[in-house]
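Numbering (the numbering used here), first residue to last: 5 to 383. Virtual Cβ for every residue (Gly too), placed ideally from N, Cα, C. Since the model is a prediction, treat every value here as computed from it, not as a measurement.
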Amino acid sequence: MNAPWPPGPPPTPKTSRLAIGALLLSIATFFGVPLMLFVVPNFVTASGAWEALVVAVVVSGVLVVSTFVLAIVALARLQPNDNAGKLWAILALVAAILAPALGAVAGFFGFILAAGGGPHGRPLRRRGAPVLPPVSLENSRRSWSSDDGLAAGIVVEALGRDVRDELARRWLEDARTEHASVATFAKLTLDLLAAGAPPLLVARASESAADEVHHARIAYAIASRYAGRDLEPLPFVDAASPSPLEAAPERLERLARESLIEGVVGEGACVVALSRAADLTLDPVLAAHLRRLAIDEARHAELAADVVRFAAARLPAATTSRLAESLNDRLPLVVAEVDLTSHGRYTSSDFHAAIVESRAMARALVESLVVEPPSTRAA
Ligand SMILES: [Fe+2]
Ligand SMILES: [Fe+2]
């Protein structure tokens with residue numbers, strides 16, 4: 005057969021599948037790598053699980069290299085007149101080159117935002133994950149953040165905008181955790197009732213919830229003072245979500261474990277860290293508030309130790325000794341951060357040291373309970 009004459013324009017090539025594949029992969033890389041490296045530091049600083057960061061870096065590296073190689077291969081195999089394919093492959097190449105730089109910047113800010121000691125308060129957990137109340141930035145109704153005079157006494161006028169914003173962010177984080185602690189202690193009160201605890205223990209749990217209401221209000225007021233606007237929580241709907249049904253031995257073991265980790269260790273560490281923060285702050289109003297907080301946290305840590313004793317008196321010795329294993333969890337990560345100790349903020353290294361100290365106390369408590377189990381009557 006003869007070719008048609010005159011010859012028409014050359015057929016438009018089908019854009020190479022490789023180029024389209026490279027483009028799609030580059031979209032995942034361009035957005036996924038920075039997002040992952042921004043989010044993972046929050047998880048790492050909270051859990052101390054460095055492996056998560058290693059995994060995130062390796063996955064990011066694989067994504068970047070695959071996108072790069074695929075784009076180069078696509079460019080090499082494209083037909084000379086496949087302009088669309090060339091454009092897709094070049095875009096994929098650019099994304100693969102930019103993604104590591106963006107990822108590094110996102111990771112840096114992720115660590116900066118994740119820094120700042122540990123919050124004061126006992127987290128409310130749902131299926132093991134902490135839940136916090138949402139916050140409104142546009143709420144004109146002052147309720148939780150209304151100042152009883154304490155926050156107004158904190159000197160903020162001489163501070164730069166950056167410092168004020170950072171202090172507002174950290175106090176808001178505390179406020180949300182303290183707010184969640186109200187629900188934690190309310191739940192502890194119900195758990196103690198269900199476990200047949202003596203009235204004094206129930207009353208102390210209930211009073212601790214009221215302490216946390218006070219702590220949360222002051223923290224919202226202080227955060228609002230630094231922010232220069234009202235930071236109000238929205239309804240904390242998760243506080244009322246039902247708990248899964250548990251058998252009595254499971255409830256007792258959970259009570260003991262949570263009280264040991266979050267009360268004896270967590271609130272115990274807050275006592276040490278808050279006292280140190282009070283010593284270092286230059287603001288006398290904040291120093292006095294931090295000392296009062298430390299006294300309340302000491303009371304909560306002591307309540308937690310008594311809940312552990314109460315539960316241990318009703319649990320098999322093997323279960324009690326197993327509690328010590330939960331003290332081997334990784335410590336929160338020490339990260340470089342802006343030093344705000346003169347403004348009442350303890351550093352993550354101070355909090356780290358405080359946790360080491362309170363863990364030793366928790367371990368001694370468990371060992372004493374294993375050696376000499378408390379009688380159910382004494383508890
Ligand atoms: Fe608190
Ligand atoms: Fe507390």
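- Message: Under 6 angstroms: does the beta carbon of Gly125 sit that close to some heavy atom of ligand 1?
- Response: Stepping through the sequence shown from its first residue, residue 125 is reached at position 121. It does: the Cβ of Gly125 is within 6 angstroms (strictly closer) of some heavy atom of ligand 1.
- Query: Under a Cβ-count criterion, where at least 16 other Cβ atoms within 10 Å of its own Cβ denotes burial, should Val58 be classed as buried or exposed?
  - Reply: Here the question's residue 58 lines up with position 54 in the sequence shown. Flag for Val58 reads exposed.
- Message: Please tell me whether, using a cut-off of 6 angstroms, the distance from the CB of His293 to the nearest non-hydrogen atom of ligand 2 is below it.
- Response: Sequence index remark: in the sequence shown, residue 293 carries index 289 (1-based). For ligand 2, not one heavy atom lies less than 6 angstroms from the Cβ of His293.
- Neighbour flag for Leu235 against chain B, beta carbons, 7 angstroms: Looking for chain B here will not work: only one protein chain is present.
- Confirm, please, whether the CB-CB distance from Pro237 to Pro127 is below 7 angstroms. Position 123 of the sequence shown, counting from 1, holds the residue named residue 127. Position 233 of the sequence shown, counting from 1, holds the residue named residue 237. No, they are not a contact pair.
- Taking 6 angstroms as the line, does the beta carbon of Glu177 fall inside it for any heavy atom of ligand 2? Taking the sequence shown and counting its residues from 1, one reaches residue 177 at position 173. Because no heavy atom of ligand 2 lies under 6 angstroms away, the Cβ of Glu177 does not count as near it: no.
- At which residues does the alpha helix (DSSP H) containing Arg129 begin and terminate? Within the sequence shown, the letter at position 125 stands for residue 129. Careful: Arg129 lies outside any alpha helix (DSSP H), inside the beta strand (DSSP E) at Leu128 to Arg130.
- Task: Could you say which of Leu163, Ala277 and Ala190 lies nearest to Pro246 if we only look at CA atoms?
- Result: Residue mapping note: residue 246 aligns to position 242 of the sequence shown, counting from 1. Nearest of Leu163, Ala277 and Ala190 to Pro246, Cα basis: Ala190.
- Message: Taking 6 angstroms as the cut-off, is the C-beta of Glu306 nearer than that to any heavy atom in ligand 1?
- Response: Reading the sequence shown from its first residue, position 302 is the one you call residue 306. No, the Cβ of Glu306 stays beyond 6 angstroms of every heavy atom of ligand 1.
- Quick one, which of Arg303, Asp242 and Gly153 has its alpha-carbon nearest Ser210's? Position 206 of the sequence shown, counting from 1, holds the residue named residue 210. With distances taken between Cα atoms, Ser210 lies closest to Arg303.
- Between the C-alpha atoms of Asp151 and Ala223, what's the straight-line distance to the nearest angstrom? Taking the sequence shown and counting its residues from 1, the one referred to as residue 151 is at position 147. Taking the sequence shown and counting its residues from 1, the one referred to as residue 223 is at position 219. If I take the Cα positions, the gap works out to 10 angstroms.
- Query: On the premise that Met365 lies in contact with Val268, defined as a C-beta separation below 8 angstroms, what is that separation, rounded to the nearest angstrom?
  - Reply: Here the question's residue 268 lines up with position 264 in the sequence shown. Here the question's residue 365 lines up with position 361 in the sequence shown. About 7 angstroms separates the two Cβ atoms, so the contact holds.
- Going by beta carbon distance, what residues of the same chain come within less than 8 angstroms of Pro377, once the five residues before and after it are set aside? If you number the sequence shown from 1, residue 377 lands on position 373. Only Ala316, Ala317, Ala321 and Thr324 meet the Cβ criterion.
- Hey, how far is the Cα of Ser212 from the Cα of Arg363? The sequence position of residue 212 within the sequence shown is 208, counting from 1. The sequence position of residue 363 within the sequence shown is 359, counting from 1. C-alpha separation (whole angstroms): 22 angstroms.
- Consider the C-beta atom of Glu170 and the heavy atoms of ligand 1; say whether any pair is separated by less than 6 angstroms. In the sequence shown, counting from the first residue as 1, residue 170 sits at position 166. No, the beta carbon of Glu170 sits no closer than 6 angstroms to any heavy atom of ligand 1.
- Message: Among Ala273, Leu297, Gly272 and Gly270, whose alpha-carbon lies nearest the alpha-carbon of Ala282?
- Response: What you label residue 282 is simply residue 278 of the sequence shown in a count that begins at 1. The candidate whose alpha carbon is nearest that of Ala282 is Leu297.
- Message: Just to confirm the assignment: which complete alpha helix (DSSP H) runs, minimum length 4, are found wholly within the region 198 to 250?
- Response: 203 to 231
- Straight-line gap, Arg381 to Pro203 (C-alpha atoms, nearest Å): Position 377 of the sequence shown holds residue 381. Position 199 of the sequence shown holds residue 203. Confidence is the limiting factor: at Arg381 the pLDDT is only 47, short of 50, which leaves the residue's position unreliable, though a coordinate-based value still follows. Approximately 13 angstroms, taken between the alpha carbons.
- Query: So, are the CB atoms of Ala179 and Ala227 less than 7 angstroms apart?
  - Reply: As a position in the sequence shown, residue 179 is number 175, starting the count at 1. As a position in the sequence shown, residue 227 is number 223, starting the count at 1. It is a contact, given that the beta carbons lie within the stated cut-off.
- Message: Just verifying my parser: in three-state terms, what is the DSSP assignment at Ala317?
- Response: Counted from its first residue, the sequence shown places residue 317 at position 313. Coil.
- On the three-pair Cβ rule with 8 angstroms, is the region 31 to 45 touching the region 61 to 71? yes
- Among Leu29, Ala201 and Ala231, the one whose alpha carbon lies nearest that of Ser140: Taking the sequence shown and counting its residues from 1, one reaches residue 140 at position 136. It is Ala231 whose Cα lies nearest to the Cα of Ser140.
- Message: Check this for me: beta carbons of Gly111 and Leu39, under 7 angstroms apart or not?
- Response: What you label residue 111 is simply residue 107 of the sequence shown in a count that begins at 1. What you label residue 39 is simply residue 35 of the sequence shown in a count that begins at 1. It is not a contact, given that the beta carbons lie outside the stated cut-off.
- Residue range of the unbroken beta strand (DSSP E) whose run includes Val135: For the purposes of this step, residue 135 is taken as the residue at position 131 of the sequence shown. Its beta strand (DSSP E) spans residues Ala133 to Val135.
- Would a C-beta distance cut-off of 7 angstroms place Ser379 and Ala308 closer than the cut-off? What you label residue 379 is simply residue 375 of the sequence shown in a count that begins at 1. What you label residue 308 is simply residue 304 of the sequence shown in a count that begins at 1. Against a cut-off of 7 angstroms, the Cβ pair of Ala308 and Ser379 comes out as no contact.
- Task: Kindly give me the distance between the Cβ atoms of Leu319 and Glu257, rounded to whole angstroms, as I take these residues to be in contact under 8 angstroms.
- Result: Looking up residue 319 in the sequence shown gives position 315. Looking up residue 257 in the sequence shown gives position 253. Indeed they touch by this definition, with Cβ atoms about 6 angstroms apart.
- Query: Within 6 angstroms: the Cβ of Glu262 and any heavy atom of ligand 1?
  - Reply: To locate residue 262, count along the sequence shown from 1; it is residue 258. It does not: the Cβ of Glu262 is nowhere closer than 6 angstroms to a heavy atom of ligand 1.
- Message: Going by C-alpha to C-alpha distance, which of His218, Phe113, Val135 and Leu192 sits closest to Glu170?
- Response: As a working note, residue 170 is residue 166 in the sequence shown. With distances taken between Cα atoms, Glu170 lies closest to Phe113.
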